[in-house]
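J.: Per full-length UniProt numbering, the sequence shown runs over residues 1 to 318. Beta carbons are placed, not taken as given, at the ideal position from N, Cα and C, and that holds for glycine. Since this is a predicted model, take the numbers as computed values, not measurements. Here's a structure for you.
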Amino acid sequence: MALARDQSVLVKAATLYYLEGKSQAEVAAEIGVSRSNVSRVLAAARTQGIVDIRINDPFGRAGDLEHQLISRFNLADCRVANTGPRTDNLARVGELGAAWLMENLPSKGSLALSWGSAVQSVVDRLVPDPIHSDLEVLPLIGGLSIVDSARDGNVLVRSLALKLGAKHRALHAPAIVESMTTRDAFMAEPSISSVLTAASTARLAIVGIGSVGSGASQTILKAMSLSPDDEDRFLQAEPVGDCCTRYFDKSGTPVGSPTSDRVVGIDLETLRRIPTIVGVAVGPAKAPGVHGALLGGLLDVLIIDSSLAEALLAASMP
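Spelled out as structure tokens, the structure:
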């Protein structure tokens, strides 16, 4: 049987069985093979990629995408929300993030937060469980007056601590300053350096990931008010994303100066030493940033929506 005809038989058998719900005996009669051969035909349809079986979790998770991402990027865990045009994707990712956090919450020690709408969604959807008095919640960066206050790291730290009945500390400094000199002065303050030192020893961090050119990532860059020369240096490094207001390139390598010179917060090398880093993000526009963060080993756990998951898998195809 010619290959084209072979494939046409596979397509017909798969359509009858998977889409029309016919029994294997009925399929055998329609395609002219013995009943014992139908299972081989259906297996061949799967092997050749004619049939792509997806298992949609009843709780709204895309299990097949989760397994692919774990395998592709060597993740410790992954949660992917099944989303669509009528779905509140941010809310769904927040729900999965909140559920993951409660399943993996340390019994003592500390956890740290960055900022942003995805991290806010996780915190907002966490069911109050105020019994974790041995926990401390810490910020990874200073305050951001340039964004909606509800997304600010210090605000999210306090909100999460209240829900958990945990202790918390604030970082009383802006995340972005005008110069390296100003940054160094803030970082030399014991009240600031002590919080960042404590955050660097957290057992768990939940961070948002940005992509250069979209959303808050672009807002941060504008707030830095780079000179034309500094902006040229920044663009020559080919940044694709940011985490904790620190930019990195497509391989996850930190961009460094001039943008990093103006940030009061944890740096990416220090962040990497936290045992479990959970990245949360929503939408395919975040794919360049999240992909770079994954290649750079910044993330251990990924909690995203299905549109972003598919974009990440497409971006990592050889």
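Out of Leu138, Leu156 and Ser110, which has the shortest C-alpha to C-alpha gap to Asp124?
T.: Out of Leu138, Leu156 and Ser110, Leu156 has the C-alpha closest to the C-alpha of Asp124.
J.: Could I get the ranges of all uninterrupted alpha helix (DSSP H) runs contained in the stretch 80-139, with 4 residues as the minimum, in chain order?
T.: Here the runs fully enclosed are 89-104 and 117-124.
J.: Enumerate in chain order the residues of its own chain whose CB-to-CB distance from Pro128 is below 7 Å, with the five nearest sequence positions on each side excluded.
T.: Result list for Pro128: Lys163, in chain order.
J.: If you check the beta carbons only, do Gly142 and Ala175 fall under 8 Å apart?
T.: Yes.
J.: Could you tell me the distance, in whole angstroms, from the CA atom of Ala173 to the CA atom of Ala198?
T.: Their backbone Cα atoms lie some 16 Å apart in a straight line.
J.: Decide if Ser36 is buried, meaning its Cβ has at least 16 other Cβ atoms within 10 Å, or exposed.
T.: The residue is exposed, with fewer than 16 neighbouring Cβ atoms inside 10 Å.
J.: Go ahead and pull the three-state DSSP assignment for Asp305.
T.: Strand, per DSSP.
J.: Evaluate contact between the stretch 289-301 and the stretch 240-256, counting only Cβ atoms and requiring at least three cross-stretch pairs below 8 Å.
T.: The stretch 289-301 is in contact with the stretch 240-256.
J.: If contacts are defined as beta-carbon pairs under 8 Å, then Val122 and Ala98 qualify, I think. What distance do you get, rounded to the angstrom?
T.: That pair is a contact at about 5 Å.
J.: Could you work out which residue in Pro254, Leu101, Asp232 and Ala44 is closest to Val9 when comparing CA atoms only?
T.: Checked all of Pro254, Leu101, Asp232 and Ala44; the closest Cα to Val9 is Ala44.
J.: Consult DSSP for Thr245 and reduce its assignment to one of helix, strand or coil.
T.: Coil.
J.: Our contact map puts Pro258 next to Phe234 with C-beta atoms below 8 Å; I'd like the distance itself, whole angstroms only.
T.: About 6 Å separates the two Cβ atoms, so the contact holds.
J.: Can you tell me the Cα-Cα spacing of Ser23 and Arg46, whole angstroms?
T.: Near 17 Å, if we compare the C-alpha coordinates of Arg46 and Ser23.
J.: Using 8 Å as the cut-off, can you tell me whether the stretch 165-172 makes contact with the stretch 78-85, which would need three or more C-beta pairs spanning the two stretches below that distance?
T.: Segments in contact, no.
J.: Considering only residues of the same chain and omitting the five flanking positions on each side of Leu42, which have a CB-CB separation below 7 Å?
T.: If we look at Leu42 and ignore the five residues flanking it on each side, its Cβ neighbours are Ala13, Ala14 and Tyr17.
J.: Answer with buried or exposed for Gly252, where buried requires no fewer than 16 other C-beta atoms within 10 angstroms of its C-beta.
T.: Buried is the call here.
J.: Use the C-beta contact count for Pro228: other C-beta atoms within 10 angstroms, 16 or more gives buried, fewer gives exposed.
T.: So Pro228 counts as exposed.
J.: Could you name the residues of the same chain whose beta carbon sits closer than 7 Å to that of Gly297, not counting the 5 residues immediately before and after it, in chain order?
T.: So the qualifying residues of the chain are Gly252 and Arg272.
J.: First and last residue of the alpha helix (DSSP H) that includes Val11?
T.: Residues Leu3 to Ala14.
J.: In terms of residue numbering, what span does the beta strand (DSSP E) encompassing Leu204 cover?
T.: Here the beta strand (DSSP E) through Leu204 covers Leu204 to Gly208.
J.: If Ser200 and Thr270 are in contact, beta carbons under 8 Å, what's the gap, nearest whole angstrom?
T.: Rounded, the Cβ-Cβ distance is 5 Å, consistent with contact.
J.: Nearest by alpha-carbon distance to Ser114: which of Glu178, Gly165, Val264 and Ser71 is it?
T.: When each option's Cα is compared against that of Ser114, the closest is Val264.
J.: Please name the residue, chosen from Asp88, Met224, Val38 and Gln48, that lies closest to Gln7 on a Cα-to-Cα basis.
T.: Looking at the Cα atoms, Gln48 is the closest of the given residues.
J.: Apply the 10 Å Cβ neighbour rule to Thr83 and answer buried if 16 or more other Cβ atoms are within range, or exposed otherwise.
T.: Flag for Thr83 reads buried.
J.: In terms of residues, what are the limits of the alpha helix (DSSP H) holding Ile192?
T.: That run of the alpha helix (DSSP H) goes Pro190 to Ser200.
J.: Measure from the alpha carbon of Val195 to the alpha carbon of each residue in Gln236, Gly279, Ala237 and Ser110, then state which is nearest.
T.: Selected option, being the one with the closest Cα: Ser110.
J.: Short of 7 Å in beta carbon distance, which residues of its chain neighbour Phe186, apart from the five on each side in sequence? Order them along the chain.
T.: The residues are Ala173, Val177, Ile192 and Val264.
J.: Over the uninterrupted alpha helix (DSSP H) stretch that includes Thr276, give me the two end residues.
T.: First-last for Thr276: Thr276 to Val280, but that is the beta strand (DSSP E), not the alpha helix (DSSP H).
J.: Within 10 angstroms of the Cβ of Gly21, are there 16 or more other Cβ atoms? Answer buried if so, exposed if not.
T.: Exposed, since its Cβ has fewer than 16 Cβ neighbours within 10 Å.
J.: Using the C-alpha atoms, what's the distance from Ser133 back to Gly116?
T.: Their backbone Cα atoms lie some 25 Å apart in a straight line.
J.: From the DSSP output, read off the bridge partner residues of Asp152.
T.: According to DSSP, which records beta bridges pairwise, Asp152 is partnered with nothing at all.
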